[in-house]
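In the UniProt record's numbering, the protein residues as written are 1 to 307.
Here's the structure, in structure tokens; my notes come after.
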Ligand code: PEP
């Protein structure tokens with residue numbers, strides 16, 4: 001399925017200071033039978049439309065005591081203005097319940113994975129019902145470590161099915177996509193992102209997208225300290241929105257939040273937050289410290305850039 005053939009499309013040269021109204025020519029071919037995004041017209045004024053979201057993915061890190069300490073430090077910051085920013089932390093599965101009990105109430109809790117089906121004879125798995133039972137409202141699915149680690153290798157279809165399961169149980173989903181370094185160097189960045197998203201678009205209904213947040217995470221930028229440039233980030237985010245307009249619809253293109261992930265830190269978050277199509281971050285390493293609060297504060301840079 002090669003929906004996009006040119007990975008070498010011109011970089012958008014996005015303004016860092018202004019959201020734009022977009023009336024677009026097609027930059028992102030869509031599967032046959034779907035509407036061309038050439039007709040798409042939507043406002044990019046994200047400030048009021050798409051609430052900034054910062055997710056923290058603790059991966060397979062921390063202990064019960066370390067979580068208690070970190071949550072105490074995170075509690076020191078003032079109450080969130082939840083109409084302006086949402087925060088979601090994803091601890092390892094054994095600590096979901098504990099994290100929910102010690103974490104400030106205005107931060108939400110996500111699981112890092114769920115089982116595709118319901119409870120039953122599935123040794124080692126965790127059902128969506130169980131995640132909800134301990135107070136989780138979100139789940140991260142399709143993270144590149146689960147897509148690409150040779151011991152795991154989750155397929156596009158399996159991730160899409162798990163997303164459907166999560167949504168059907170009222171969980172919201174951070175749906176991760178992104179290309180490897182090899183795929184970027186071969187000019188296949190958009191092919192890969194569209195392939196991963198199309199598997200989901202085929203599996204869930206247009207109304208389900210309201211509970212999906214896309215996290216664009218170039219694999220080569222995760223945990224490496226190599227940050228994608230603002231132009232690289234905006235180019236992909238903008239094209240994801242075009243893709244959504246064509247393969248799903250304009251409303252979903254306009255309303256779906258697209259997070260960036262990959263070595264986001266207090267040092268680089270403010271510049272990235274100003275990008276027109278960046279609606280927040282999914283943060284790994286930098287979410288393990290109290291300075292994560294500075295990344296959360298970058299919602300102010302997003303608002304300031306909104307006209
Ligand atoms: C991640 O794992 O989703 C991630 C973005 O990690 P890091 O911020 O450490 O690159």
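C-beta atoms are modelled at their ideal positions from N, C-alpha and C, and glycine is treated no differently.
Note that the coordinates shown come from a computational prediction; the quantities given were computed from them, not determined experimentally.
If we ignore side chains and look at the alpha-carbon of each, how far apart do residue i and residue j end up?
i           : j           : result
residue 164 : residue 248 : 16 Å
residue 104 : residue 63  : 18 Å
residue 180 : residue 219 : 5 Å
residue 276 : residue 72  : 33 Å
residue 239 : residue 190 : 8 Å
residue 185 : residue 221 : 14 Å
residue 106 : residue 134 : 16 Å
residue 209 : residue 297 : 26 Å
residue 86  : residue 257 : 12 Å
residue 192 : residue 160 : 15 Å
residue 94  : residue 290 : 21 Å
residue 92  : residue 59  : 6 Å
residue 199 : residue 206 : 13 Å
residue 149 : residue 182 : 15 Å
residue 252 : residue 284 : 27 Å
residue 54  : residue 68  : 20 Å
residue 263 : residue 121 : 38 Å
residue 167 : residue 115 : 13 Å
residue 99  : residue 138 : 14 Å
residue 229 : residue 75  : 32 Å
Helix, strand or coil, according to DSSP, for residue i in the structure here?
i           : result
residue 172 : strand
residue 285 : helix
residue 30  : Here the model assigns residue 30 a pLDDT of 49, short of 50, so the residue's position is not dependable and the matter cannot be decided.
residue 49  : helix
residue 148 : helix
residue 134 : coil
residue 295 : helix
residue 141 : strand
residue 57  : strand
residue 275 : coil
residue 5   : Confidence at residue 5 is low in this model, with a pLDDT of 30, below 50, so the placement of that residue should be treated as unreliable; the coordinate-derived value is given next. Note: residue 5 maps to coil in three-state DSSP.
Whose C-alpha, out of the options, is nearest the C-alpha of residue i?
i           : options       : result
residue 108 : 128, 125, 132 : 132
residue 203 : 114, 158, 74  : 158
residue 172 : 140, 161, 232 : 140
residue 156 : 194, 123, 259 : 194
residue 136 : 111, 148, 122 : 111
residue 261 : 304, 214, 253 : 214
residue 265 : 303, 225, 304 : 225
residue 61  : 96, 76, 49    : 96
residue 211 : 217, 255, 187 : 255
Between residue i and residue j, how many whole angstroms is the CB-CB distance? I'm expecting something under 8 Å.
i           : j           : result
residue 169 : residue 129 : 6 Å
residue 83  : residue 51  : 7 Å
residue 243 : residue 282 : Wrong, their Cβ atoms sit about 19 Å apart, outside the cutoff.
residue 278 : residue 237 : 6 Å
residue 90  : residue 56  : 7 Å
residue 259 : residue 280 : 5 Å
Quiz item: Which runs of the beta strand (DSSP E) spanning at least 3 residues fall entirely within the stretch 184 to 254, listed in chain order?
Solution: 212 to 216
Exercise. Tell me the start and end of each unbroken alpha helix (DSSP H) in the stretch 62 to 128 that is at least 4 residues and wholly inside, in chain order.
Key: 64 to 74, 96 to 102
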